[in-house]
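2 protein chains.
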Amino acid sequence: MPRRCHRYGQGNGGPCSCEMGNLYRFAEPVMLLAIAGRGEVHGYQIAQEAEGMAVTHAGLDSGVIYRTLRRLEAAGRVVSRWDTSRPGPARRVYVLTESGMQHLREWAQVLEAVTASLQALTHNCQKAAQSRRSAATRPALPVGVSTSRNRMGAG
Amino acid sequence: MPRRCHRYGQGNGGPCSCEMGNLYRFAEPVMLLAIAGRGEVHGYQIAQEAEGMAVTHAGLDSGVIYRTLRRLEAAGRVVSRWDTSRPGPARRVYVLTESGMQHLREWAQVLEAVTASLQALTHNCQKAAQSRRSAATRPALPVGVSTSRNRMGAG
DNA sequence: CCGACTATTTGCAAGTTACACCTAGCATTA
DNA sequence: TAATGCTAGGTGTAACTTGCAAATAGTCGG
Chain A
1 MPRRCHRYGQ
11 GNGGPCSCEM
21 GNLYRFAEPV
31 MLLAIAGRGE
41 VHGYQIAQEA
51 EGMAVTHAGL
61 DSGVIYRTLR
71 RLEAAGRVVS
81 RWDTSRPGPA
91 RRVYVLTESG
101 MQHLREWAQV
111 LEAVTASLQA
121 LTHNCQKAAQ
131 SRRSAATRPA
141 LPVGVSTSRN
151 RMGAG
Chain B
1 MPRRCHRYGQ
11 GNGGPCSCEM
21 GNLYRFAEPV
31 MLLAIAGRGE
41 VHGYQIAQEA
51 EGMAVTHAGL
61 DSGVIYRTLR
71 RLEAAGRVVS
81 RWDTSRPGPA
91 RRVYVLTESG
101 MQHLREWAQV
111 LEAVTASLQA
121 LTHNCQKAAQ
131 SRRSAATRPA
141 LPVGVSTSRN
151 RMGAG
């Protein structure tokens with residue numbers, strides 16, 4: 001799904017979350033937070049800030065941003081108006097509704113739980129990765145245990 | 001995407017991560033960890049343990065588990081053999097390869113980074129949710145305001 | 001034989017993502 | 001004037017994951 005990002009192939013110390021695939025971008029809370037923080041934003045603004053706020057290294061795709069904004073508006077979480085008061089193309093400016101504020105509070109609770117679980121998972125992965133690494137001068141696991149019955153198309 | 005889970009509508013204090021949608025299950029690291037921890041597992045075993053290890057409350061769907069196992073095998077992260085030594089239907093038993101061990105180490109690094117980012121996001125969401133909650137007897141945001149010209153030079 | 005449990009696999013609808021591409025306003029430069 | 005580049009919003013599509021349901025099988029108890 002994610003095929004590259006600004007970090008791709010740059011050797012920034014450790015594998016990139018984008019190369020691992022399978023990570024959501026948490027676009028909704030990131031964007032709700034951006035709107036709540038500024039009171040009023042347009043999509044392009046979010047796209048420029050999102051790189052720093054995003055959970056993974058890929059930032060948020062502009063397509064995702066604009067579609068998420070429309071989805072949030074359809075759900076009543078934000079309302080928008082067109083701002084033509086400044087030069088340049090018109091901007092669609094968004095503000096949170098009370099429902100959107102409530103949604104952000106819900107996200108805060110959910111994220112707290114998810115973060116805790118993820119922290120535990122991370123800890124366990126690190127422990128497992130380390131415990132085997134010490135005993136890994138030889139192949140960590142006897143690969144090739146009579147794999148005999150591997151019929152089934154094998155993917 | 002996720003429509004229910006065992007927690008659905010049970011009022012366990014706070015909204016369920018499943019109701020928020022948009023959360024990946026981190027199936028791959030959870031499963032790699034399960035395999036690494038036991039040395040040898042089959043899919044059904046993972047399905048039964050996964051509820052406790054999963055990052056969200058939904059656990060891991062058995063379809064996801066079996067498909068992920070095949071994908072991991074196709075990528076050389078695990079190898080399988082059929083175990084018919086015990087009564088009941090044959091079980092496909094998986095062990096990690098050295099490449100799979102390496103993948104787990106990579107996941108450990110990625111998860112560490114993601115956890116840190118997620119923690120920051122969580123913290124910011126909580127702060128935003130709280131700071132406005134105190135001032136939210138009246139509608140949280142006057143919709144349509146032109147707030148103090150958040151001019152965000154942006155570049 | 002029938003159901004219950006174990007165990008694996010597949011089909012499908014729904015949803016998200018990454019990328020490419022498009023429209024359009026305005027400013028600078030040749 | 002034309003070309004170029006930045007700002008700003010939007011759409012189309014392929015690839016992928018997920019959740020749920022259903023199919024297939026082996027074994028055991030009644």
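Chains as they are written, first to last, in the numbering used here: chain A, 1 to 155; chain B, 1 to 155.
Virtual Cβ for every residue (Gly too), placed ideally from N, Cα, C.
In this text, all values refer to a predicted model and were calculated from it rather than measured experimentally.
DSSP three-state assignment for A/Arg-25, whether helix, strand or coil:
Translated into the one-based positions of the first sequence, residue 25 of chain A becomes position 25. Three-state result, A/Arg-25: coil.
Residues of chain A with a CB under 7 Å from the CB of B/Gly-63: which are they?
The residue you call residue 63 of chain B lines up with position 63 of the second sequence. Within chain A, no residue comes near B/Gly-63; the closest Cβ sits about 15 Å away, beyond 7 Å.
**Request:** Pull up the DSSP beta-bridge partners for A/Tyr-94, would you.
**Result:** The sequence position of residue 94 of chain A within the first sequence is 94, counting from 1. A/Val-41, A/Ser-80.
C-beta neighbour in chain A for B/Leu-121, strict 9 Å = Stepping through the second sequence from its first residue, residue 121 of chain B is reached at position 121. True, the Cβ-Cβ gap to chain A drops below 9 Å.
Cβ-based contacts, 8 Å cut-off: residues of the stretch 99-116 of chain A near chain B:
Met-101, Leu-104, Arg-105, Glu-106, Trp-107, Ala-108, Gln-109, Val-110, Leu-111, Glu-112, Ala-113, Val-114, Thr-115
Q | Rounded C-alpha distance that separates A/Glu-112 from B/Thr-97 | A | Residue 112 of chain A sits at position 112 when you count from the first residue of the first sequence. Residue 97 of chain B sits at position 97 when you count from the first residue of the second sequence. In a straight line, the C-alpha of A/Glu-112 is about 34 Å away from that of B/Thr-97.
Residues near A/Val-64 by beta carbon distance below 8 Å, same chain, minus five either side: Position 64 of the first sequence, counted from the start, is the residue given in the question as residue 64 of chain A. Within the same chain, A/Val-64 has close Cβ partners Arg-25, Ala-27.
**Request:** Leaving out five residues on either side along the sequence, give the residues of the same chain with a beta carbon under 8 Å from the beta carbon of B/Val-79.
**Result:** Here residue 79 of chain B refers to the residue found at position 79 when the second sequence is read from its first residue. Only Glu-73, Tyr-94, Val-95, Thr-97 meet the Cβ criterion.
Taking 6 Å as the limit between beta carbons, can you name the residues of its chain near A/Trp-107, skipping five residues before and five after? Stepping through the first sequence from its first residue, residue 107 of chain A is reached at position 107. So the list reads Pro-29, once near-sequence residues are dropped.
Does A/Gly-52 come out as helix, strand or coil in the three-state DSSP assignment? Taking the first sequence and counting its residues from 1, the one referred to as residue 52 of chain A is at position 52. Reduced to three states, the DSSP call for A/Gly-52 is helix.
query: With respect to the alpha helix (DSSP H) encompassing B/Leu-72, which residues constitute its N-terminal and C-terminal limits?
result: As a working mapping, residue 72 of chain B is identified with position 72 in the second sequence. Here the alpha helix (DSSP H) through B/Leu-72 covers 62-74.
Using 9 Å as the limit for Cβ to Cβ distance, is A/Ala-75 near chain B? Stepping through the first sequence from its first residue, residue 75 of chain A is reached at position 75. No - not a single Cβ of chain B is within 9 Å of the one on A/Ala-75.
**Of the listed residues B/Ser-62, B/Tyr-44, B/Arg-70, nearest to B/Ala-90 (C-alpha basis)** = Reading the second sequence from its first residue, position 90 is the one you call residue 90 of chain B. Ranking B/Ser-62, B/Tyr-44, B/Arg-70 by Cα distance to B/Ala-90 puts B/Tyr-44 first.
- Under the three-state reduction of DSSP, which class applies to B/Ser-85: helix, strand or coil? Position 85 of the second sequence holds residue 85 of chain B. Coil, per DSSP.
In angstroms, rounded to a whole number, what distance separates the CA positions of A/Arg-77 and A/Gln-102?
-> Taking the first residue of the first sequence as 1, we reach residue 77 of chain A at position 77. Taking the first residue of the first sequence as 1, we reach residue 102 of chain A at position 102. When rounded, the distance between both Cα atoms is 9 Å.
Query raised in the report: Which residues, taken in chain order from the stretch 31-43 of chain A, show a beta carbon closer than 7 Å to some beta carbon of chain B?
Result: Leu-33, Ala-36, Gly-37, Arg-38, Gly-39, Glu-40
- request: Would you mind sorting B/Gln-130 into buried or exposed? The rule is 16 or more other CB atoms within 10 Å of its CB.
  value: Counting from 1 along the second sequence, the entry for residue 130 of chain B is found at position 130. Exposed is the call here.
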